[in-house]
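Everything on this sheet refers to the single structure shown next.
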Amino acid sequence: MADGRGTDLASCAQADLDGWHAEVFLARRPAQKFLRWAMASHLMPRLHIPHRSTANPAPLSHNKRMQLLRRAVEDEELDLMDRVVVVLALLFAQTLSRICRFTLDDLVEEDGRLSIRFGDPPTPVPEPFAELLRDFATRRPNLTTATNPGARWLFPGRRAGQPMDTSTLAGRMRKNGLPTFHGRTAAIRQLALQAPAPVVARMLGYHHVHITALAAEAGSPWSHYAPDDHAK
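Our numbering puts the first residue of the sequence shown at 6, with every later residue one more than the last.
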């Protein structure tokens with residue numbers, strides 16, 4: 006729930022718990038005891054804790070991930086919003102819960118080059134993906150209603166002042182056969198082969214333990230890198 010969803014324990018709904026549980030596989034097992042305690046202590050509503058595998062979801066193959074990213078760029082019959090979500094998930098390994106909460110302020114344009122704030126510093130967005138994001142930023146949905154004319158969310162929701170919810174995006178991805186969950190794992194593994202896990206984690210806005218675990222599974226050549234090695 007703390008993974009960019011913007012929901013505290015007291016206001017956590019079943020959809021929030023389901024969405025968080027579906028995406029943060031490494032935290033599922035250790036979180037269950039805490040969730041049961043929080044419910045018994047009346048710190049959060051009594052909800053159903055999903056019983057799903059705690060194993061790392063099998064990532065897409067590199068070729069399949071590239072095919073989906075190519076589709077995001079070239080398939081103009083696919084809604085622009087869905088194409089942008091694919092890019093954020095499969096290129097930059099962002100969860101749907103995080104994607105929902107990006108704002109226009111997270112898009113940084115300097116000297117004709119677009120970056121996006123996943124972590125610190127902002128991450129450069131290569132072309133042609135940058136052009137997709139620029140285009141979408143000017144054609145966002147749900148801005149014609151009286152409740153959302155000035156929304157800063159990159160993915161505005163139908164409710165005033167709220168972003169689009171995770172379940173809506175997840176439903177759109179399933180409908181179009183876009184496996185963002187497995188694609189995100191593949192993206193992290195590929196990035197972990199190219200740079201040390203702490204560097205990838207900082208770039209994407211993740212905790213380094215999460216990225217280190219996936220890097221080890223991928224056989225990253227950087228697995229023995231220490232965060233301060235670059236300063237030596």
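Virtual Cβ for every residue (Gly too), placed ideally from N, Cα, C.
Reduced DSSP secondary structure (H/G/I, E/B, other) of residue 129:
Strand, per DSSP.
Counting C-beta neighbours from all protein chains within 10 Å, is the total for residue 70 16 or more, i.e. buried, or is it exposed?
When all chains shown are included, residue 70 counts as buried.
Buried or exposed for residue 186, going by 16 or more other Cβ atoms inside 10 Å?
Using a 10 angstroms sphere on the CB of residue 186, the tally of other CB atoms reaches 16 or more, which defines it as buried.
Residue 101 beta carbon less than 8 Å from that of residue 174:
Using a Cβ distance threshold of 8 Å, residue 174 and residue 101 count as a contacting pair.
Please confirm whether residue 15 and residue 48 have their CB atoms less than 8 Å apart.
Their beta carbons are under 8 Å apart, which means residue 15 touches residue 48 by this criterion.
So residue 115 is in the beta strand (DSSP E); what residue range does that whole segment cover?
Counting along the chain, residue 115 sits inside the beta strand (DSSP E) bounded by residues 112–115.
For residue 146, does the three-state DSSP call read helix, strand or coil?
It is coil, neither helix nor strand.
Pick out whichever of 95, 54, 156 and 82 has its Cα sitting closest to the Cα of residue 241.
Shown here, the chain extends from 6 to 237; a query on residue 241 therefore has no answer.
Using a Cβ-Cβ distance under 8 Å, would residue 93 count as near chain C?
Reference to chain C is not applicable here, since this structure consists of a single protein chain.
Can the beta-carbon of residue 5 be found less than 8 Å from the beta-carbon of residue 108?
As displayed, the chain neither begins before 6 nor continues past 237, which places residue 5 out of reach and without an answer.
Just mark residue 199 as buried or exposed, buried being the case when its beta carbon has 16 or more other beta carbons within 10 Å.
Exposed, since its Cβ has fewer than 16 Cβ neighbours within 10 Å.
Distance, Cα to Cα, residue 92 vs residue 99?
Rounded to the nearest angstrom, the two C-alpha atoms are 9 Å apart.
In this structure, how does DSSP classify residue 85 when only helix, strand and coil are distinguished?
Correct three-state label for residue 85: helix.
Selection from 65, 207 and 130 that minimises the alpha carbon distance to residue 194
The shortest Cα separation from residue 194 among 65, 207 and 130 belongs to 65.
Could you give the first and the last residue of the continuous alpha helix (DSSP H) run that contains residue 104?
Following the DSSP letters along the chain, one finds residue 104 inside the alpha helix (DSSP H) bounded by residues 101–104.
Inter-residue Cα distance where the pair is residue 76 and residue 54:
It is roughly 35 Å from the alpha-carbon of residue 76 to the alpha-carbon of residue 54.
Cβ neighbour criterion (16 or more within 10 Å) applied to residue 103
Its Cβ being crowded by 16 or more others within 10 Å, residue 103 is buried.
Spell out the partners DSSP gives residue 120 in its beta bridges.
BP columns for residue 120 point to 113 and 129.
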